[in-house]
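Here the structure comes first, spelled out in structure tokens, and everything after it is commentary.
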DNA sequence: TACGGTTCTTTCAACTTTGAAACATTGGAG
DNA sequence: CTCCAATGTTTCAAAGTTGAAAGAACCGTA
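Chains as they are written, first to last, in this note's numbering: chain A, 1 to 171; chain B, 172 to 342.
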């Protein structure tokens with residue numbers, strides 16, 4: 001076992017000797033592994049940190065934050081539930097629960113859609129907007145502290161390209 | 172409002188005119204925003220995709236996967252709960268629940284630590300190890316498909332450096 | 001050896017997330 | 001017009017996650 005970690009390339013030598021019918025995958029090589037280990041750590045640690053800060057400061061998860069942000073950027077601060085789910089990258093079910101709770105807090109109201117009775121609009125209230133405005137500065141400060149203060153201009157550009165490339169393979 | 176999205180720099184113009192006592196943060200500029208929007212999307216979408224694949228294939232979340240992986244790489248496939256929590260980047264509480272469930276499935280057993288009666292060891296069973304071996308190939312294929320097949324060697328190296336840099340600011 | 005602060009783990013209750021199923025509505029094909 | 005599949009949303013029950021608090025054992029100091 002020369003390597004270790006998340007993807008367990010260290011098993012590659014062992015598994016070629018096994019007699020199973022599964023096709024042997026192409027394991028990660030040393031350079032890929034050297035990138036994957038820190039990247040996957042970042043992938044789980046950074047959202048956790050952003051969530052922690054938002055929750056501590058304002059009792060809001062990043063999921064909620066992006067729902068509020070999406071609404072605030074929409075015309076009339078209004079979006080259909082489905083669109084909101086898509087633009088905040090969350091499941092319909094999760095959205096329903098979250099919006100229900102936010103509605104109780106007075107941040108959002110639901111309105112029936114006049115042209116499609118299946119559909120509901122979610123509308124950001126003034127109170128919801130004010131809440132978002134109150135959160136935003138410390139959130140941006142956190143993003144700056146954890147990300148942009150640590151990268152030079154060139155790396156910011158590299159990050160942009162990499163993220164855009166990888167996003168193509170999702171959604 | 173010229174820009175939109177997660178960090179809501181579009182509010183910067185509005186907020187300078189407000190009369191609140193909060194200090195105006197340094198908002199993200201265009202280049203930072205152009206990197207942040209896809210990056211934050213990736214940050215939530217990629218783990219979701221990795222989780223989805225692991226869950227679908229083997230009924231296991233990425234959290235569980237990294238616990239199993241950490242155990243499999245440890246001497247005697249054994250780690251104290253605390254060490255396991257640290258190396259799989261999870262909270263003690265979450266670890267307890269997860270290990271309890273895995274123990275029911277026969278993947279792990281808990282053993283008292285002989286030298287410190289507060290501490291418990293988690294030990295990966297043969298069955299747990301076999302499960303991990305069964306998962307690994309399709310997981311590495313997924314990682315390859317979503318990440319490494321899309322980046323050239325230079326980008327892999329850039330990603331490594333960026334991830335390492337940002338990790339310094341966490342933990 | 002007894003105190004007290006610290007460490008390691010679990011428990012607890014509240015909350016969130018999940019996917020499947022239910023419900024209501026729509027729009028197109030026959 | 002009447003199906004029927006597709007769409008948009010909610011409900012449901014099961015599972016997972018959270019942070020705080022509890023419990024147990026450790027270790028240094030007196």
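Just so you know, even glycine gets a beta-carbon here, dropped at the ideal spot from N, CA and C.
Quick caveat: nothing in here was measured; it's all calculated off a predicted structure.
With distances taken Cα to Cα, identify the nearest neighbour of residue i among the options.
i                     : options                    : result
residue 153 (chain A) : B:204, B:288, B:263, B:197 : B:204
residue 68 (chain A)  : A:30, A:42, A:94, A:122    : A:122
residue 47 (chain A)  : A:90, A:149, A:63          : A:63
residue 206 (chain B) : A:110, A:167, A:77, A:160  : A:160
residue 28 (chain A)  : B:329, B:313, B:339, B:337 : B:313
residue 284 (chain B) : B:245, B:302, B:260, B:251 : B:251
residue 274 (chain B) : B:286, B:295, B:326        : B:295
residue 151 (chain A) : B:335, B:320, B:311        : B:335
residue 302 (chain B) : B:214, B:315, B:243, B:249 : B:243
residue 241 (chain B) : B:197, B:300, B:311        : B:300
At the level of alpha carbons, what is the spacing between residue i and residue j?
i                     : j                     : result
residue 258 (chain B) : residue 37 (chain A)  : 12 Å
residue 120 (chain A) : residue 84 (chain A)  : 11 Å
residue 212 (chain B) : residue 45 (chain A)  : 15 Å
residue 55 (chain A)  : residue 210 (chain B) : 21 Å
residue 24 (chain A)  : residue 304 (chain B) : 12 Å
residue 326 (chain B) : residue 111 (chain A) : 46 Å
residue 66 (chain A)  : residue 158 (chain A) : 24 Å
residue 169 (chain A) : residue 319 (chain B) : 11 Å
residue 95 (chain A)  : residue 247 (chain B) : 44 Å
residue 338 (chain B) : residue 117 (chain A) : 48 Å
residue 171 (chain A) : residue 90 (chain A)  : 12 Å
residue 162 (chain A) : residue 43 (chain A)  : 14 Å
residue 101 (chain A) : residue 272 (chain B) : 30 Å
residue 311 (chain B) : residue 144 (chain A) : 32 Å
residue 74 (chain A)  : residue 26 (chain A)  : 45 Å
Quick one: what's got a C-beta closer than 7 Å to residue i's C-beta in the same chain, skipping five residues either side?
i                     : result
residue 156 (chain B) : Residue 156 (chain B) is absent from the structure shown; chain B starts at 172 and stops at 342.
residue 231 (chain B) : 225, 306
residue 172 (chain A) : Because chain A spans 1 through 171 in this model, residue 172 (chain A) falls outside it and cannot be assessed.
residue 269 (chain B) : 234, 235, 238
residue 280 (chain B) : 274, 294, 296
Here's a check: name, in chain order, each residue in its chain whose Cβ is nearer than 8 Å to the Cβ of residue i, leaving out the five neighbours to either side.
i                    : result
residue 82 (chain A) : 92, 119
residue 21 (chain A) : Low confidence applies here, because residue 21 (chain A) scores a pLDDT of 48, under 50, leaving its location unreliable; read the following figure in that light. Within the same chain, residue 21 (chain A) has no close Cβ partners at all.
I'd like the list of long-range same chain contacts for residue i, defined as Cβ closer than 6 Å, with 5 residues on each side in sequence excluded.
i                     : result
residue 309 (chain B) : 228
residue 78 (chain A)  : 121, 123
residue 51 (chain A)  : 61, 62
Specify, as a first and last residue, the run of the alpha helix (DSSP H) that residue i falls within.
i                     : result
residue 302 (chain B) : 297-317
residue 96 (chain A)  : 92-104
residue 226 (chain B) : 201-229
residue 68 (chain A)  : 62-73
Could you check what DSSP says for residue i in three-state terms: helix, strand or coil?
i                     : result
residue 86 (chain A)  : helix
residue 249 (chain B) : strand
residue 327 (chain B) : helix
residue 21 (chain A)  : Confidence in residue 21 (chain A) is poor, its pLDDT being 48 and thus under 50, which makes the residue's placement unreliable; the coordinate value appears in the next sentence. Of the three classes helix, strand and coil, the one that applies to residue 21 (chain A) here is coil, per DSSP.
Could you check where the beta strand (DSSP E) with residue i kicks off and where it finishes?
i                     : result
residue 279 (chain B) : 279-283
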